[in-house]
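Only one structure is covered here, and it is reproduced in the block below.
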Amino acid sequence: MPRTARKQSDSGIYHVMARGINRQDIFKDQNDIKRYLETLHEFKDADLFTLYGYCFMKNHVHLLLREGLEPLGEVMRKIGSSYVYWYNRKYERVGYLFQDRFKSEPVEDDSYFLTVLRYIHHNPLKAGISKNISDYEWSSYHDYLNSEGIADIDFALDIFNPERKQAIKQFVDFHNEDNDDRCLDVESAPRLSDKAATEVIIKVCNINNPLDLQETEKSTRNECLNQLKNKYNLSIRQIERLTGINRNVIARA
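Numbered by numbering that gives the first Met the number 0, the letters in the sequence shown go through residues 0 to 252 in order.
The following block contains the structure:
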């Protein structure tokens, strides 16, 4: 079947996700991530794009960027080719590293821009590898707090407030709000109906009724909640509705 044409952004801003081929890791250690950052810096300095946000996970990356001198496809090709050449030499391997076609979605207004930025920064929490956004080293969240790094932070902070100190405070508060943001994802799996989700909860958590999860021992309950969110793609709202567990508890699990 022919590929679906990529949706073009009138604003030039895109949320981009690139992952390893066959879901393999694209970063084996911190030096690999640093090299990818250097690669981004190189092409960003050549005015190929403006980078507003990023998060580097073991087998995929999220970027929030605006096209510059070249179209998105060419930018991602150059970034990928440069990094893969270095990576293959380091690990004495040959062949592809990234899945052949990155995913992207247009970002056309300030509201969705901020939603995507928060979603990107929340990736480590959703994956269960960090309990707090600030604990994860490899995202642009720290660029915004420290006013230094590769990300161009002025655009987002000016949306919050023209006064920088207040803007950063509002930025942090926005990231700490309860949310069920759903943007471009690694799998983009379809949502389950409440009936199907109920069956999943009962099976995964080994209980007779979703409400029984409230009485389950805390560590077991949190492990179940983590699986329901990240493995079975149940939303926080849906889990809350079916189990009666507070959304804050679900989000932290």
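Backbone N, C-alpha and C fix where the C-beta goes; we use that ideal spot for every residue, glycine too.
Among the options, nearest to residue i - alpha-carbon criterion
i    : options                   : result
A150 : L39, M16, K202 and K77    : L39
D177 : L50, T114 and R18         : T114
Y135 : C204, R5, H121 and S146   : H121
S139 : R88, Y51, F26 and D99     : Y51
N87  : L68, L62 and I25          : I25
E104 : H61, V15, R220 and H141   : V15
N175 : D109, S133, L62 and I158  : S133
G243 : K230, L224, N232 and W137 : L224
N30  : S192, S110, A4 and Y82    : Y82
D99  : P70, L63 and R18          : R18
I20  : E37, K57 and I32          : K57
C254 : Q226, D157, L191 and L64  : The displayed coordinates of the chain run from 0 to 252. Any statement about residue 254 would go beyond what the structure contains.
F154 : S110, S129 and W137       : S110
Paired residues, beta bridge with residue i - DSSP
i    : result
P105 : Y13
Local conformation of residue i per DSSP, three classes
i    : result
S138 : strand
D180 : coil
I158 : helix
H121 : coil
D151 : coil
N247 : helix
I238 : helix
S110 : helix
N207 : coil
T219 : helix
S192 : coil
I132 : helix
Y231 : coil
Q7   : coil
A252 : coil
Residue environment, residue i, which counts as buried when at least 16 other CB atoms sit within 10 Å
i    : result
P209 : buried
K230 : exposed
K89  : exposed
I119 : buried
Q: With a floor of 4 residues, list each alpha helix (DSSP H) that falls wholly inside the segment 16-100, ordered by position along the chain.
A: 29-44 and 71-89
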